[in-house]
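Chains F and E, in that order, are what the protein sequence lines are. Going left to right, the first sequence walks through residues 45 to 399 as the working numbering numbers them. Going left to right, the second sequence walks through residues 483 to 658 as the working numbering numbers them. What follows is a set of notes on a single structure, which appears directly below.
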Amino acid sequence: MREVAIIAYHQTPMVRDAGAKNDVELVMEAVHGAKAQVGFKNTDIDFTCSGSCDYLGGAAFAFVGALDALGAVPPISESHVEMDAAWALYEAWIKIQTGHFDTALIYGFGKSSHGPMHEVLALQLDPYYTQPLWPDQISMAGLQARAMMDAGKLTEKQMAEVVAKSRKNAKANPNAQLKGDYTVEQLLAEPMLSSPLRKHDCPPITDGASALIIATREVAERVLAGTGKRPVYITGIDHRIESHQLGTRDLTSSMSTRIAGEQAGVSKGKVDIAELHAPFSHQEILLKEALGLDNSTVINPSGGPLAGNIFMSAGLDRIGAVATRIMNGEANRGVAHATSGACLQQNLVAVLEGK
Amino acid sequence: MSEELKPVEIIDSPVYMNYSFAAGRATSNFLRSIKEGKLVGQRSSITGKVIVPPRGSDAETGTPTFEEVELPDTATVIMFTVVYIPIPNSKVQPPFIVANMVLDNSDQTFIHLVSGCKNEDVKIGTRVKAVWRDKSEWAYSFNNIEYFQPIAGEAPVDIDALRAKRLKEVEAFKHA
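Written as C-alpha cells, this is what we have:
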C-alpha cells in the first residue's frame, strides 16, 4: 500500500441560501481555497474527483458544468461520483494506490436551496414500491428513531443532548450554520416535526462546497515542510452498503458502519476525535455504538452535520474536519465517517493519523 | 400467451419537482442586460479573453471573472450546419441554419440561428448582425435575438486571421 496523506482542506461558509451564486461559483471558492493552502497549480494535481447530485439543482449534468471552476485546459484526468464526495476521495485514494497518480483534488458541492430537498431525496428510493409513496427523508429518519426507542436504545433526552453538544461545539466553527447555547430542557420543549424528531434533530438545509487535496508521502512531506502543518495519513478506509429496502434492514443498528469500521482499523489505537456524518441526532448515538467509540473520544468537535450539512459534501467535510485538527496538532488519531442513502444505508469509515 | 402472463409495461409514477433557478452572479448580469437589449460579457483577468455569455468563471483557467464588457451585436460565423429536422413548437422551418458564432471583441463562441438570407449564402467567416424581437417581447432570454442575419455588403473574413488578431488584442488585458 502506498501511504496517502491529506494535505489541504477548504470549506465555504455553510449557509441556508447562497443567493445568486451558482455551483461553479461555490466550487471555485472551495477549490481555490484548498489549492492556495499548498500553493498548488493545476499542473500539480494528477487526478480530480468530485461528488454531487444533479437532482439538487434540477439540472442535468450540473456536475459537468462545475468543471468550469477547475480550468480544464489543457484537459485534466477527472471523475465524478453521484454520491457524497467522501466516496470521491475513496476513488482518488484507489487511483493513487494504482501508482498512476501521486496527487488528487477532491471536491463536493450542494446547493440544496434550489429545490424541495426532502422530497428530492425520495427519488433515491426504489422506484417501484417506495418512491411512488414519496416518503421524505425526515419521515424515514423518524421511523428509524422510533425503532431505536422501541428497542430501548434511545431516549428523547439523549437526542437533545446530541443537539445541545453540536450547537455548542459549532460556536468555535466559523463556517457553521447553527450554533449557540441550548439546554436539553429548552430543546425538549420544542414541538415535534416528525415524531420523535423535532426540527433541531434534523440537519439544516445548507448551501456550500468543500475541497480537499491528498498526496503520496513523498509529495506531502515536501509540500508541508516548514509550514507547521503535518500530513494526515489515511491509515484505513473502507465502505459498505446495505439493502435498498428499509424493510430488510435492522434500522436500530448499522452493520455496514460496524464492518467498515473494523476493516478500517478503528479499534487499533486510541481515537482522539471522531466526526460522524449523522444528519439526524439519533444517528450519532447509533454510529457511536457501531464504531465502538466510548466517551474518551470527542465526537463532532466541528458541530457535525446538525450544525451545517452540505448535502453531497457533508461526508467529505467529516474527513476534512478530522484532518484539520490532526494537521494542526490538536489530535493525533481520528475517525471520520460518511453516509449516503436513506437511514444510513451506505457508510464509509476512514482512520486518519498524524505521524 | 395467456392474459395474466402479459408483461406489465407501464406503471404510473408521476414526479413533479419545483426548483428555483440560480443563474449565478455573472449570468444574472447577462440576463438583466439582454432584457434591456444589450450584450454583456466578462473578461478573464488571467487570459484577457472576453467570455460571452459569461458563466462567472474562465473555464480555461478555472478562475472567477468580474470585469464586465459591453459588446456589439455583430458577429462572425465560425462554423455552421444546415438542419433538416423541425424544432418542436417553433415557427422556424427546416432547412435552417444553426451556427457557432463569435461576437466582435469577444473570444468564446455561442450557438444561435442564422436566417434572413438564402442558406447557400452563409459561409464560414460570414459577418452577421442580431435581429432582435420586438422590444415588447424582451425577457431574461437569449431568445430576445430571433436570429442573426448576414450583413449586406460585408465580405466573409478569414477566421484564422480573426483569431490571430484577437489573441494579439487580448495580450494587453492579460494579468501581469
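Note that beta-carbon positions come from the ideal geometry of N, C-alpha and C, so glycine has one too.
Answer yes or no: does any C-beta atom of chain F fall closer than 8 Å to that of residue i?
i, result
"S527 (chain E)", "no"
"S572 (chain E)", "no"
"A541 (chain E)", "yes"
"A637 (chain E)", "no"
"A646 (chain E)", "no"
"A581 (chain E)", "no"
"A634 (chain E)", "no"
"A504 (chain E)", "yes"
Using the Cβ count rule (16 or more neighbours within 10 Å means buried), how would you classify residue i?
i, result
"Y99 (chain F)", "buried"
"Q141 (chain F)", "exposed"
"Q575 (chain E)", "exposed"
"I516 (chain E)", "buried"
"Q427 (chain E)", "What is shown of chain E runs 483 to 658, which leaves residue 427 (chain E) out entirely."
"S210 (chain F)", "buried"
"Y629 (chain E)", "buried"
"E69 (chain F)", "buried"
"L231 (chain F)", "buried"
"L268 (chain F)", "buried"
"W131 (chain F)", "buried"
Any Cβ of chain E within less than 8 Å of the Cβ of residue i?
i, result
"K155 (chain F)", "yes"
"G115 (chain F)", "yes"
"E126 (chain F)", "no"
"E200 (chain F)", "no"
"V164 (chain F)", "yes"
"M58 (chain F)", "no"
Going along chain E in order, which residues have a C-beta closer than 8 Å to the C-beta of residue i?
i, result
"T335 (chain F)", "Per the sequence shown, residue 335 (chain F) should be read as Leu rather than Thr. The contacting residues do not exist; L335 (chain F) stays about 35 Å from chain E at best."
Anything in chain F within Cβ reach of residue i, meaning under 9 Å, just list it in chain order.
i, result
"N463 (chain E)", "Limits of chain E in this structure are 483 at one end and 658 at the other, which puts residue 463 (chain E) out of reach."
"R507 (chain E)", "G63, A64, K65, N66, E69"
"S495 (chain E)", "P171, Y172, Q175, P176"
Which of the three DSSP states, helix, strand or coil, is assigned to residue i?
i, result
"V574 (chain E)", "coil"
"K531 (chain E)", "coil"
"P632 (chain E)", "strand"
"F624 (chain E)", "helix"
"T563 (chain E)", "strand"
"N353 (chain F)", "coil"
"Y53 (chain F)", "strand"
"Q524 (chain E)", "strand"
"N86 (chain F)", "helix"
"W660 (chain E)", "Outside the displayed range of chain E (483 to 658) lies residue 660 (chain E), so it cannot be described from this structure."
"F548 (chain E)", "coil"
"Q289 (chain F)", "coil"
"I579 (chain E)", "strand"
"V228 (chain F)", "helix"
"Q389 (chain F)", "coil"
"L330 (chain F)", "helix"
"D112 (chain F)", "helix"
"H321 (chain F)", "coil"
"V497 (chain E)", "coil"
"I569 (chain E)", "coil"
"G398 (chain F)", "strand"
What residue range does the alpha helix (DSSP H) around residue i cover?
i, result
"S515 (chain E)", "507-517"
"V7 (chain F)", "Only positions 45 to 399 of chain F appear in the structure, and residue 7 (chain F) is not among them; the question remains open."
"I140 (chain F)", "129-141"
"A269 (chain F)", "Note, A269 (chain F): premise wrong, no alpha helix (DSSP H); not H, not E."
"H162 (chain F)", "161-164"
"S300 (chain F)", "299-308"
"G95 (chain F)", "Note, G95 (chain F): premise wrong, no alpha helix (DSSP H); beta strand (DSSP E) at 91-95."
Could you please give the first and the last residue of the uninterrupted beta strand (DSSP E) stretch that includes residue i?
i, result
"L595 (chain E)", "592-596"
"Y151 (chain F)", "147-155"
"M45 (chain F)", "Counting along the chain, M45 (chain F) falls outside any beta strand (DSSP E), and DSSP gives it neither H nor E."
"G378 (chain F)", "377-384"
"I257 (chain F)", "251-260"
Can you list the residues of chain F that residue i reaches, using a CB-CB cut of under 7 Å?
i, result
"R537 (chain E)", "V68, D112"
"E491 (chain E)", "Per Cβ cutoff of 7 Å: no residues; E491 (chain E) is ~13 Å from chain F at best."
"G598 (chain E)", "Neighbours of G598 (chain E) on chain F: none; closest Cβ ~32 Å, over 7 Å."
Run through chain F and tell me which residues come within less than 8 Å of residue i, C-beta to C-beta.
i, result
"S510 (chain E)", "A64"
List the residues of chain E that residue i touches, going by C-beta distances under 9 Å, in chain order.
i, result
"M72 (chain F)", "G538, S539, G544, T545, P546"
Examine the ligand FMN and report whether any of its heavy atoms sits within less than 7 Å of the Cβ of residue i.
i, result
"Y501 (chain E)", "In the structure on display, the ligand FMN does not appear, and there are no ligands present to speak of."
Indicate whether at least one CB of chain B lies closer than 8 Å to the CB of residue i.
i, result
"G291 (chain F)", "Checking the listed chains, one finds no chain B in this structure; the protein chains it contains are F and E."
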